[in-house]
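Protein chains in written order, with the numbering used here: chain A, -8 to 511; chain B, -10 to 46.
Here's what the structure looks like:
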């Protein structure tokens, strides 16, 4: 085995681009491992962990590109590292295309721009966002790790100028039917949504779509907006804009519970909203529906979508079909397969909100779980890499995503974790989420079919049974195709739901002690 | 001052993209006009140099 690297000074590429480069190199015969990343201290640490480090790599700066390769022999290594340009640009750029280097140049080309979409590393993001606001652009700020003081300053400045900062850490928006970041192809319609989390917005909008209604606009606020440090500045701007928007008939607000001070200030604003409003504060231990509130509060994304669809249609009957009797049969069948010592649930999530909501649903069913992102009342995993008892892991959390793409794009860490969980003879159920839409993996179900099949087979070889429960967030209009994704998972032996809440509820029922005997 | 957020909702996005190029491509695939900025860290990512430049400019 031989190791080598190429360092290209002052050459920046985003992490999604570099993931593809590393993948192209890894696929070459004789290559054992390949990494393509920027020379930040954190990334150099990651390289050292996999045995590629020291020497030349230590000299790389954060603006330098590192391509590092472990190969079976010197010939392969030399051929791979001699073709870096080819790995970076497999198809040459369009002739005559002059790259735009700055925001100012971009505005020279497109002077009436009204939105800056910013997904650069967090330490530079506030600076570019401020520049965009100064030039009159609203900002969709995907970047995370933006200091809270910078977030507050950006949002106060945006408010003064009649602009909105969607984010930081904003994964999703839909504006005028156009999905930004991680968004799904949903029907346009009367429901406007304000959401603190990307996956929360994706789930809500796809559920509204499945129920036959549609979305006017979906505005992400960033996860900290309703905290007392920020005070809900973006949520208030979004609320005012949706109140003025003629297409929006009903407004939904989705967030973790607001800070106490923020809630006290927000309550009269929600109360005086000129349009019907439904609020879903995920993870609130108690109902925070105030007395005489004119708006409705619900506890899950499914309930929020159902209520919004009902309000928009002006009727009280259920928007979603009642649970099919097949589900009870399926539950009985899966449950009868599970035998001691198998008893634990392991949730391996790409969507942080799904991990959080599942913990709430389990807690409501009397099941406490460990997590790296615990709901109040649950215990924090001492080591995010090792599950204990019932565990729900958010694989999109910082400890897993630092320096690498999100699990919605790159399934490699979830793949490894599924196989790791399958080794544990006490695991009875694996709960997984699959998120479709713009910018997500081209085939989220296909990425994990092999480890799912292997995990089920491993349990069977040991004379046991492993139940796989999955939810798919998406629509038939998404490029990955909702129906095709569901079919792939079902063929791999998973029980599949069109909502994360329903999948979590099924798991809660599955791990509840057996009542009565199994038939057949 | 006209509310520019309301204007964005009314007219739809006309975007400038800094960072992940896929975001620009997915917007283009939906018919949104986008200019992608081939962004690089200022001062080659050297924080001290960046702060110095900020003060000078």
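The beta-carbon is built from N, C-alpha and C at its ideal position, and this holds for glycine as well. Quick caveat: nothing in here was measured; it's all calculated off a predicted structure.
Interface flag, residue i vs chain B, CB-CB below 9 Å
{"i": "residue 166/A", "result": "yes"}
{"i": "residue 320/A", "result": "no"}
{"i": "residue 140/A", "result": "no"}
{"i": "residue 427/A", "result": "no"}
{"i": "residue 491/A", "result": "no"}
{"i": "residue 135/A", "result": "no"}
{"i": "residue 511/A", "result": "In this predicted model, residue 511/A has a pLDDT of only 48, less than 50, meaning its place in the structure is not dependable; the value taken from the coordinates is given anyway. Not an interface residue."}
{"i": "residue 152/A", "result": "yes"}
{"i": "residue 90/A", "result": "yes"}
{"i": "residue 467/A", "result": "no"}
{"i": "residue 144/A", "result": "no"}
{"i": "residue 402/A", "result": "no"}
{"i": "residue 94/A", "result": "yes"}
{"i": "residue 123/A", "result": "yes"}
{"i": "residue 128/A", "result": "yes"}
{"i": "residue 236/A", "result": "yes"}
{"i": "residue 119/A", "result": "yes"}
{"i": "residue 399/A", "result": "no"}
{"i": "residue -8/A", "result": "no"}
{"i": "residue 155/A", "result": "yes"}
{"i": "residue 430/A", "result": "yes"}
Presumed contact (8 Å Cβ cut-off) between residue i and residue j, rounded CB distance
{"i": "residue -8/B", "j": "residue 153/A", "result": "4 Å"}
{"i": "residue 4/B", "j": "residue 108/A", "result": "5 Å"}
{"i": "residue 79/A", "j": "residue 26/B", "result": "No, residue 79/A and residue 26/B are not in contact; Cβ-Cβ is about 18 Å, not under 8 Å."}
{"i": "residue 163/A", "j": "residue 207/A", "result": "In fact, because the Cβ distance is near 15 Å, the residues do not count as touching under 8 Å."}
{"i": "residue 297/A", "j": "residue 424/A", "result": "About 20 Å separates the two Cβ atoms, so there is no contact after all."}
{"i": "residue 170/A", "j": "residue 429/A", "result": "5 Å"}
{"i": "residue 226/A", "j": "residue 217/A", "result": "6 Å"}
{"i": "residue 33/A", "j": "residue 393/A", "result": "6 Å"}
{"i": "residue 228/A", "j": "residue -6/B", "result": "6 Å"}
{"i": "residue 477/A", "j": "residue 420/A", "result": "Not really, about 19 Å apart at Cβ, beyond 8 Å."}
{"i": "residue 111/A", "j": "residue 8/B", "result": "4 Å"}
{"i": "residue 525/A", "j": "residue 330/A", "result": "No statement about residue 525/A is possible, as the shown extent of chain A runs from -8 to 511 and does not include it."}
{"i": "residue 230/A", "j": "residue 264/A", "result": "7 Å"}
{"i": "residue 149/A", "j": "residue 132/A", "result": "Going by Cβ atoms, the distance from residue 149/A to residue 132/A rounds to 10 Å, so no, they are not a contact pair."}
Residues that DSSP places opposite residue i in a beta bridge
{"i": "residue 199/A", "result": "Beta-bridge pairing links residue 199/A to no other residue."}
{"i": "residue 382/A", "result": "337/A and 361/A"}
{"i": "residue 209/A", "result": "165/A and 184/A"}
{"i": "residue 371/A", "result": "362/A"}
{"i": "residue 25/B", "result": "6/B"}
{"i": "residue 129/A", "result": "106/A"}
{"i": "residue -1/A", "result": "56/A"}
{"i": "residue 221/A", "result": "Answer by DSSP bridge pairing: none, since residue 221/A is not bridged."}
{"i": "residue 246/A", "result": "272/A"}
{"i": "residue 91/A", "result": "26/B"}
{"i": "residue 10/A", "result": "In DSSP, residue 10/A forms no bridge with anything."}
{"i": "residue 61/A", "result": "-6/A and 24/A"}
{"i": "residue 241/A", "result": "182/A"}
{"i": "residue 287/A", "result": "269/A"}
{"i": "residue 157/A", "result": "131/A"}
{"i": "residue 486/A", "result": "460/A"}
{"i": "residue 171/A", "result": "164/A"}
{"i": "residue 29/A", "result": "56/A"}
Within-9 Å CB hit, residue i to chain A
{"i": "residue -9/B", "result": "Reliability fails at residue -9/B, whose pLDDT of 49 lies under 50, so the model's placement of it is uncertain and the value that follows must be treated cautiously. Residue -9/B counts as touching chain A."}
{"i": "residue 25/B", "result": "yes"}
Partners in chain C for residue i, counting only beta-carbon separations shorter than 9 Å
{"i": "residue 232/A", "result": "Here the protein chains are A and B, and chain C is not one of them."}
Proximal residues, the region 238 to 263 of chain A versus chain B, C-beta separation under 7 Å
none
List, from N- to C-terminal side, the beta strand (DSSP E) runs of 3 residues or more that fit wholly inside the region 396 to 472 of chain A.
418 to 426 and 458 to 464
Please identify, using Cβ separations under 7 Å, the residues of the region 381 to 394 of chain A that lie next to chain B, in order along the chain.
none
Could you run through the region 96 to 117 of chain A and flag, in chain order, every residue whose CB is less than 8 Å away from some CB of chain B?
96, 97, 98, 100, 101, 103, 104, 105, 106, 107, 108, 109, 110, 111, 112, 114 and 115
Please list the residues of the region -2 to 13 of chain A that have a C-beta atom closer than 7 Å to any C-beta atom in chain B, keeping them in chain order.
1, 3, 5, 7 and 8
Given a limit of 9 Å on CB to CB distance, which residues of the region 197 to 213 of chain A reach chain B?
207, 208 and 210
Under 8 Å, CB to CB, which of the residues in the region 165 to 186 of chain A have a partner in chain B?
166, 167, 168, 169, 170, 171 and 172
Counting only Cβ-Cβ distances shorter than 9 Å, please list the residues of the region -5 to 10 of chain B near chain A, keeping chain order.
-5, -4, -3, -2, -1, 0, 1, 2, 3, 4, 5, 6, 7, 8, 9 and 10
Note down, in chain order, all residues in the region 21 to 37 of chain A with a beta-carbon under 9 Å from any beta-carbon belonging to chain B.
29, 30 and 31
Closer than 7 Å, Cβ to any Cβ of chain B: which residues of the region 218 to 230 of chain A, in chain order?
228
Interfacial residues, the region 36 to 61 of chain A to chain B, with Cβ spacing under 8 Å
52, 53, 54 and 55
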